[in-house]
Every structure is written in C-alpha cells, then in structure tokens.
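> In the working numbering, the protein residues as written are 19 to 268.
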Amino acid sequence: LSTQALSLSLQHIHADLGPAAQPIATLDSAGAALSYQSGTSGKMLVGVLGVNLTIGDASGPHLQLSNANLGLAVYFGSPVTYALDAQGGFAVAGLPAGIGLSATNLEVRVNTTGGAKTEHINVLGTDIPVLFSAQDGNVSQALATGVKLQIGTFIQATGNFGFTQTTENSVKKLLIGATGVTASAGDGTLGVSVTNGTLGLEMYNNGSGNVYALDASGALALTGFNVFTVSATARVRVNTTGAAVTEAIP
Numbered sequence: 019l020s021t022q023a024l025s026l027s028l029q030h031i032h033a034d035l036g037p038a039a040q041p042i043a044t045l046d047s048a049g050a051a052l053s054y055q056s057g058t059s060g061k062m063l064v065g066v067l068g069v070n071l072t073i074g075d076a077s078g079p080h081l082q083l084s085n086a087n088l089g090l091a092v093y094f095g096s097p098v099t100y101a102l103d104a105q106g107g108f109a110v111a112g113l114p115a116g117i118g119l120s121a122t123n124l125e126v127r128v129n130t131t132g133g134a135k136t137e138h139i140n141v142l143g144t145d146i147p148v149l150f151s152a153q154d155g156n157v158s159q160a161l162a163t164g165v166k167l168q169i170g171t172f173i174q175a176t177g178n179f180g181f182t183q184t185t186e187n188s189v190k191k192l193l194i195g196a197t198g199v200t201a202s203a204g205d206g207t208l209g210v211s212v213t214n215g216t217l218g219l220e221m222y223n224n225g226s227g228n229v230y231a232l233d234a235s236g237a238l239a240l241t242g243f244n245v246f247t248v249s250a251t252a253r254v255r256v257n258t259t260g261a262a263v264t265e266a267i268p
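(1) Cβ atoms of LEU90 and LEU142: under 8 Å apart, would you say?
(2) Where does the unbroken beta strand (DSSP E) through GLN159 begin, and where does it stop?
(3) Return the Cβ separation of ASN87 and ALA104 in integer angstroms, given the expectation that the two are a contact with Cβ distance under 8 Å.
(4) Give me the Cβ distance between ALA231 and GLY215, rounded to the nearest whole Å; I'm assuming they're in contact under 8 Å.
(5) Quick check on this structure: which residue in SER249, GLY180, TYR222 has the alpha carbon closest to the alpha carbon of VAL210?
(6) Can you give the beta carbon distance from VAL269 to SER158, rounded, assuming they're within the 8 Å contact cut?
(7) What did DSSP end up calling GLN153 once you bin it into helix, strand or coil?
(8) Is the beta carbon of GLY170 closer than 8 Å to that of GLY116?
(9) Mind checking which residues open and close the beta strand (DSSP E) that includes GLU220?
(10) Run through DSSP, which three-state label would SER20 get?
(11) Considering only residues of the same chain and omitting the five flanking positions on each side of ALA33, which have a CB-CB separation below 6 Å?
(12) Residues in its own chain within less than 7 Å of THR144 by CB, not counting five upstream and five downstream?
(13) Using only CA atoms, which one of LEU208, LEU217, PHE108 lies nearest to ALA239?
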C-alpha cells in the first residue's frame, strides 16, 4: 500500500477546528470520502468530501456547514502549522424567539502558518483548493455570503458577517459579528434606515431556553419623510439572557 496517495471511505470523523484553546467549529460527519497525499517538502495534504461542521451548541443555537468540501494542508516544522478551508451549504437551528438568520453558503478558514498558501487537493476527481494570501496572515474565521438577519417582526439587516463559537463555564455560545451593516424598519414607504453599522450578537442555551444579547449601532436616516431630515447615530441593545454580557466578538 503506497502512502503517497490514499483514498478512504470514513464511517465517522470528528474533530475540533481552529485554535486548541478556542475552536471555531466542530467537524462531525459520517460516510465522508477522504484523500491523503503526502505532498513534498515536509507537508501533508488531506481532502474530505461531504462533511458537516457545527458552529455553536448542537443542542442550542448553532450554524451548520452542510455537505462541505474540506481541504487541509499540514506543514511539519517547529512548530507544526496548518491551513484549512471548508465550504458548503448554510443551515441554522435553535435560534431564540425573535431572531431569524439566512445565508447562501458558509466557509470556514483557518491558517496558522502566517503566510501565503496555495494548495489543490484532489478527492475522487473533485479539486479542493486551500488558498490564503500573505495579507490574510494568521486567521481563524467563518464567513457567509448573502446573509440576512431578521430582528423581531420588521427589522432586517445585511452586511459583512463573521461567525465563531466560545465556551464559558461549560456553556457553548454562538457569536456573530458584522460590519458595514445596513438595516431598515418600516413598511417600505415610511420608516427608518441604518447604514455603515456594526453588530454583535451572542446566542446560547442558558438551561431554561435559547437566549440572546444584541448590540448594534450605525448612522440613522428617515425614509419617506419629505418635510424634514434627521441625521443621528442609532443604537439597539437587547438582552434576553438575564445575565451581564461582556463579549468581545472578533
């Protein structure tokens, strides 16, 4: 059996992805196809098809990267470093009442090498790229495209969203941060809008139910009011956790 290239069908695979002290996501899947390539110059390439990744508490608020293709490049040195990229469909479950979230796809990216990496891993004829620029540096992030966040019954927000998870006192929390946020409230003819905003959202299960804390701000404007104009900064803060919140969301 050659160890230069090896293809396997996995019954089950489980791993925490990201920094050991604070993993960004949990990989847990069955029936995945894996390809191992020894590579050159002290590196190992691993590609996996059809895996599922969870960000957050699987029994509480969480995001899922479903049926994903995952590429992993491990570089043997002192210390051992790696670069990882996984992309797939977006799913969400366990959201607290009053919160809605949708997106078109989700990508998890981790690079501990601090440098540019260009790898292509072939798994059963499927090319899985692992691409990082020098400007990326050390990175651990989950990014989604086409994100729409619904707050309550009439506020909708879009922007550049990032996702991660944290564990505090054995409670796993889903953290969402966003920049360039645009939000609107109203019926389309009369209402208010927020632009160039920032948003932080924490969600978890506190033992009694799924709860959240939200802090968002941005430039406020009125729509549909032709008699006068308003220029101000708006801030929205909601906390259903029943506890103090002091999160710093990257």
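We put the beta carbon where it would ideally sit given N, CA and C, even for glycine.
The answer reads as follows:
(1) Sequence index remark: in the sequence shown, residue 142 carries index 124 (1-based). Sequence index remark: in the sequence shown, residue 90 carries index 72 (1-based). For LEU142 and LEU90, no; Cβs fall outside 8 Å.
(2) The sequence position of residue 159 within the sequence shown is 141, counting from 1. Element bounds for GLN159: 157–163.
(3) Start at 1 with the first residue of the sequence shown, and residue 87 comes out as number 69. Start at 1 with the first residue of the sequence shown, and residue 104 comes out as number 86. Sure, about 7 Å apart at Cβ, within 8 Å.
(4) Translated into positions along the sequence shown, residue 231 becomes position 213. Translated into positions along the sequence shown, residue 215 becomes position 197. About 17 Å; that fails the 8 Å criterion.
(5) Start at 1 with the first residue of the sequence shown, and residue 210 comes out as number 192. Of the candidates SER249, GLY180, TYR222, the one whose C-alpha sits nearest the C-alpha of VAL210 is SER249.
(6) As shown, the chain starts at 19 and ends at 268. That puts residue 269 outside it, with no answer to give.
(7) Walking along the sequence shown from the start, residue 153 turns up at place 135. GLN153 falls in the helix class under three-state DSSP.
(8) As a first step, residue 116 must be located in the sequence shown, where it is residue number 98. As a first step, residue 170 must be located in the sequence shown, where it is residue number 152. Taking 8 Å as the Cβ cut-off, GLY116 and GLY170 qualify as a contacting pair.
(9) If you number the sequence shown from 1, residue 220 lands on position 202. Counting along the chain, the beta strand (DSSP E) containing GLU220 begins and ends at 209–223.
(10) Within the sequence shown, the letter at position 2 stands for residue 20. Its pLDDT being 40, under 50, SER20 is placed unreliably by the model, and the measurement read from it follows with that caveat. If DSSP states are grouped into helix, strand and coil, SER20 belongs with coil.
(11) Within the sequence shown, numbered from 1, the residue matching residue 33 stands at position 15. Result list for ALA33: LEU45, in chain order.
(12) For the purposes of this step, residue 144 is identified with residue 126 of the sequence shown, where counting begins at 1. Correct list, in chain order: LEU67, ASN87.
(13) By 1-based counting over the sequence shown, the position of residue 239 is 221. Nearest C-alpha to ALA239: LEU208.
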